[in-house]
Amino acid sequence: MTSSSLNDQQTRRREAMGVLGHCATADIAGYLDAVAIPAHEELRRPENGLVMLRGRIGGDGAPFNLGEATVSRAAVRLASGEVGFGYTLGRDGTKAHLIALCDALIQTAEFSDAVETNVLAPLRARVVADVKRKAAETAATKVDFYTLVRGEG
Amino acid sequence: MYVAVKGGERAIENAHRLLAHERRGDRAVPEVSLAQISNQLGLAVDRVMTEGSLYDRELAALAIKQARGDMIEAIFLLRAFRATLPRFGSSEPVDTSQMQVRRRVSSTFKDMPGGQVLGPTFDYTHRLLDPELTGESSPEQPVMTDAEPGLMPRVTDILGRDGLIEASPAEDPEKPVGDLTRDALSFPADRDLRLQNLARGDEGYLLALGYSTQRGYGRSHPFAGEIRLGEVDVEFVAEDVGFAVPLGSITLTECQMVNQFKGSDTEAPCFTRGYGLAFGQSERKVMSMALVDRALRARELGEDIKAPAQDEEFVMSHSDNVQATGFVEHLKLPHYVDFQSELGLLRKLRKEFADANETAVALQEAAE
Chain C
1 MTSSSLNDQQ
11 TRRREAMGVL
21 GHCATADIAG
31 YLDAVAIPAH
41 EELRRPENGL
51 VMLRGRIGGD
61 GAPFNLGEAT
71 VSRAAVRLAS
81 GEVGFGYTLG
91 RDGTKAHLIA
101 LCDALIQTAE
111 FSDAVETNVL
121 APLRARVVAD
131 VKRKAAETAA
141 TKVDFYTLVR
151 GEG
Chain U
1001 MYVAVKGGER
1011 AIENAHRLLA
1021 HERRGDRAVP
1031 EVSLAQISNQ
1041 LGLAVDRVMT
1051 EGSLYDRELA
1061 ALAIKQARGD
1071 MIEAIFLLRA
1081 FRATLPRFGS
1091 SEPVDTSQMQ
1101 VRRRVSSTFK
1111 DMPGGQVLGP
1121 TFDYTHRLLD
1131 PELTGESSPE
1141 QPVMTDAEPG
1151 LMPRVTDILG
1161 RDGLIEASPA
1171 EDPEKPVGDL
1181 TRDALSFPAD
1191 RDLRLQNLAR
1201 GDEGYLLALG
1211 YSTQRGYGRS
1221 HPFAGEIRLG
1231 EVDVEFVAED
1241 VGFAVPLGSI
1251 TLTECQMVNQ
1261 FKGSDTEAPC
1271 FTRGYGLAFG
1281 QSERKVMSMA
1291 LVDRALRARE
1301 LGEDIKAPAQ
1311 DEEFVMSHSD
1321 NVQATGFVEH
1331 LKLPHYVDFQ
1341 SELGLLRKLR
1351 KEFADANETA
1361 VALQEAAE
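Chains C and U, in that order, are what the protein sequence lines are.
Take 1 as the starting number for the first sequence in the working numbering and just add one per residue.
Take 1001 as the starting number for the second sequence in the working numbering and just add one per residue.
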């Protein structure tokens, strides 16, 4: 499924899941404390399983199975009816549950802004900072070729 | 006749208790934690994840600790764990051109978009033991410089623009992706299955096979077109969600081997490719994998199959170190009854030999 076929809300949910997946459980929980979480129930209790990871032959060709990864998933339903899903690499059911909760909240008119401001924005800033730091450390190891000039021009 | 012999239970129990004691070692020495293994023995964790065919750093670290550092035992443990979980499905194929690159080198072009980026590498170290690491070390913080924005195109994409290298095989939406964890191996095997087999194959075995191709057993004139290491995002189309869900990112190493030409009356000659991909930082593994992948394309490219590395049945049937160790190590399990029958046969043969000799001697004496 290409991202172009998604509606606005799906695009926002995907982006949020992308940010949350890169964050530690304690950080997500910490920022969520600032949001008055409405009544909700576990639609799917956190469950661990496997996803077969695929690569492409030559990097850009036909797919092949590279090996599996552990994945935890959960689903949450708010009392107001919105259903949120959480899928994340690893075996941390709490993290899957928190992602599902955020996913449900950003589908509501009432909590969407609060989650964006209090949870996603600070976490996104952390993820971006981490990516930038790694990029800067890597850039310092880039080879600058230069040619030795012998004698006088 | 089957004779059941009992009596090993207590010995086995005590042996495992002794094993746990030996694993702990001197109790005056602090116990190693999973975080320490994952952080400070990271490349061992990468290898166990790759050959255990399961991406989970914490589980791989646990396996290494439980196996007392025996890598194949750790890989075995990880494979066994895998069987305890349900499979939710398959990821979307990862896109290595979108990798957040932490290392990228090419032996074919000095200057290319994105440049040569060394990253955390053993290359150019002097391979002298470092006495500073005998105690507690406090290495300097890494140097940081401004990163140039923009992605790094794959070297093969650059060559491909001019048609100088063959294109990767196109995806056939009608054809399911081969999976050797679901279906038994059969030959000839397609390249997707071969790559899956090599990806989980023993690094030492693939290194030796790759090396053999360089020494002339199935020579393919390789260049390391590109090796890259970094993080790629993984997505999974979850039916219940209705779109491709980001799962987080994984670390991968990729090798694009560029090899000598193929061509025909209708096609201009171009470079051929070998491909390697593995979990974590596994550079030796992906280079070996790419060499063997290319060697195994002999049939497809119409090359003579003369060397071990070109023989897919030989290569794929012996690459899995869990299978291999199972069959080799089963030799130490009780074979008392088998051995008794061999022993009985040998005694009978020796008696016949002795009887025949006696008769021959008696006949000779009589003749004299």
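The C-beta atom is built at its ideal place from N, Cα and C for all residues, glycine as well.
Contact belief for residue i with residue j at Cβ below 8 Å, rounded distance in angstroms
| i | j | result |
| --- | --- | --- |
| Y87(C) | V76(C) | The pair is not a contact, with the Cβ atoms about 13 Å apart (cut-off 8 Å). |
| A1189(U) | E1312(U) | 6 Å |
| D103(C) | G81(C) | D103(C) to G81(C), Cβ: 14 Å. No contact. |
| Q1098(U) | S1106(U) | Actually they are not in contact, since the Cβ atoms of Q1098(U) and S1106(U) sit about 18 Å apart, beyond 8 Å. |
| E1226(U) | T1251(U) | Rounded, the Cβ-Cβ distance is 17 Å, inconsistent with contact. |
| D1304(U) | Y1275(U) | At roughly 22 Å, the Cβ-Cβ gap does not stay under 8 Å, so D1304(U) and Y1275(U) are not in contact. |
| E1092(U) | E1235(U) | 4 Å |
| F1372(U) | Y1055(U) | Any property of residue 1372(U) remains undetermined from this structure, which presents chain U solely from 1001 to 1368. |
| L1078(U) | G1052(U) | 3 Å |
| M1049(U) | A1035(U) | The pair is not a contact, with the Cβ atoms about 16 Å apart (cut-off 8 Å). |
| A1309(U) | G1204(U) | The Cβ separation is near 14 Å, so there is no contact. |
| A100(C) | A74(C) | 5 Å |
DSSP bridge partner residues for residue i (one or two, in chain order)
| i | result |
| --- | --- |
| Q1100(U) | E1231(U) |
| T70(C) | L50(C) |
| N65(C) | R54(C) |
| R1182(U) | Note: R1182(U) sits in no beta bridge, so no partner. |
| T168(C) | The requested residue 168(C) is not part of the displayed model; chain C covers only 1 to 153. |
| A1278(U) | T1253(U) |
| R77(C) | E41(C) and V83(C) |
| V1117(U) | K142(C) and R1104(U) |
Residue i: contacting residues in chain U (beta-carbon distance under 7 Å)
| i | result |
| --- | --- |
| I28(C) | Within 7 Å Cβ-Cβ: nothing; I28(C) doesn't reach chain U, min ~13 Å. |
| L6(C) | F1243 |
| Q10(C) | F1243 |
| A121(C) | The premise fails here: A121(C) is roughly 18 Å from chain U at the closest Cβ pair, so nothing lies under 7 Å. |
Per-residue contacts from residue i into chain U (C-beta, under 9 Å)
| i | result |
| --- | --- |
| Y31(C) | Those do not exist, as Y31(C) stays about 18 Å from chain U at its closest Cβ, beyond 9 Å. |
| V127(C) | Within chain U, no residue comes near V127(C); the closest Cβ sits about 10 Å away, beyond 9 Å. |
| A104(C) | None at all; the shortest Cβ gap to chain U is about 12 Å. |
Contact set between residue i and chain C, taken where Cβ atoms lie within less than 7 Å
| i | result |
| --- | --- |
| P1093(U) | R54, G55, R56 and P63 |
| L1277(U) | G55 and L66 |
| Q1310(U) | By Cβ distance, chain C contributes nothing, its closest Cβ being about 18 Å from Q1310(U), past 7 Å. |
Closer than 8 Å at the beta carbon, the chain U residues around residue i
| i | result |
| --- | --- |
| A139(C) | V1117, M1144, T1145, D1146, A1147 and E1148 |
| R14(C) | F1243, A1244, V1245 and P1246 |
| V131(C) | Q1100 |
| H22(C) | G1248 and S1249 |
| G18(C) | D1233 and P1246 |
Interface residues of chain C facing residue i [CB-CB closer than 9 Å]
| i | result |
| --- | --- |
| K1110(U) | V143 and F145 |
| L1054(U) | L50, G67, E68, A69 and T70 |
| S1264(U) | Here the premise fails: no neighbours, minimum Cβ distance about 20 Å. |
| T1096(U) | G55, R56, G59 and D60 |
Under 8 Å by beta carbon: chain C residues contacting residue i
| i | result |
| --- | --- |
| T1050(U) | G67 |
| F1236(U) | V51, V71 and Y87 |
| D1192(U) | I57, A62, P63, F64 and N65 |
Proximity test, residue i beta-carbon vs the ligand ZN heavy atom, cut-off 7 Å
| i | result |
| --- | --- |
| T117(C) | With respect to the ligand ZN, the structure shown offers nothing to examine, as it has no ligands at all. |
- Item | Contact residues within the segment 1238-1255 of chain U, judged by C-beta distance below 9 Å to chain C | Residues of the segment 1238-1255 of chain U with a C-beta less than 9 Å from any C-beta of chain C: A1238, D1240, V1241, G1242, F1243, A1244, V1245, P1246, L1247, G1248, S1249, I1250, L1252 and E1254, listed in chain order.
- Going along the chain, which unbroken runs of the alpha helix (DSSP H) with 4 or more residues stay wholly within the segment 27-63 of chain C? You should have found no qualifying run.
- Cβ-based contacts, 8 Å cut-off: residues of the segment 1144-1173 of chain U near chain C: Those would be M1144, T1145, D1146, A1147, E1148, R1154, T1156, D1157, A1167, S1168, P1169, A1170, E1171 and D1172, in chain order.
- Query: What runs of the beta strand (DSSP E), each 3 residues or longer, lie entirely inside the segment 1213-1274 of chain U?
  - Reply: Whole beta strand (DSSP E) segments, 3+ residues: 1223-1238 and 1243-1262.
- Length at least 4, wholly inside the segment 1044-1115 of chain U: the alpha helix (DSSP H) runs in chain order: Counting whole runs of 4 or more residues, the segment 1044-1115 of chain U contains the alpha helix (DSSP H) stretches 1057-1066 and 1071-1082.
- Which parts of the segment 1282-1348 of chain U are runs of the alpha helix (DSSP H), unbroken and 4 residues or longer, counting only runs that do not cross its ends? Within the segment 1282-1348 of chain U, the runs of alpha helix (DSSP H) at least 4 residues long that lie entirely inside it are, in chain order, 1283-1295, 1298-1301, 1312-1317 and 1321-1329.
- Item | Short-range partners of chain U found in the segment 63-95 of chain C, where Cβ spacing is below 8 Å | Taking 8 Å as the Cβ-Cβ cut-off against chain U, the residues of the segment 63-95 of chain C that qualify are P63, F64, N65, L66, G67, E68, A69, T70, V71, R73, A75, F85, Y87, T88, L89, G90 and R91.
- Task: Within the segment 1011-1047 of chain U, note down every full alpha helix (DSSP H) run reaching 4 residues or more, in order along the chain.
- Result: Within the segment 1011-1047 of chain U, complete alpha helix (DSSP H) segments of at least 4 residues are found at 1034-1040, given in chain order.
- Query: Given a limit of 8 Å on CB to CB distance, which residues of the segment 1064-1089 of chain U reach chain C?
  - Reply: Residues of the segment 1064-1089 of chain U with a Cβ closer than 8 Å to any Cβ of chain C, in chain order: R1082, L1085, P1086, R1087, F1088 and G1089.
- Task: With 7 Å as the limit, tell me which residues of the segment 1279-1305 of chain U have their beta carbon closer than that to any beta carbon of chain C; keep them in chain order.
- Result: Flagged, chain order: F1279.
- Message: Can you pull out the residues from the segment 1194-1211 of chain U whose beta carbon lies closer than 7 Å to at least one beta carbon of chain C?
- Response: Listed in sequence order: L1195, Q1196, A1199 and R1200.
- Message: Along the segment 1311-1325 of chain U, where does the CB come closer than 9 Å to a CB of chain C? Name the residues.
- Response: Answer in chain order: no residues at all.
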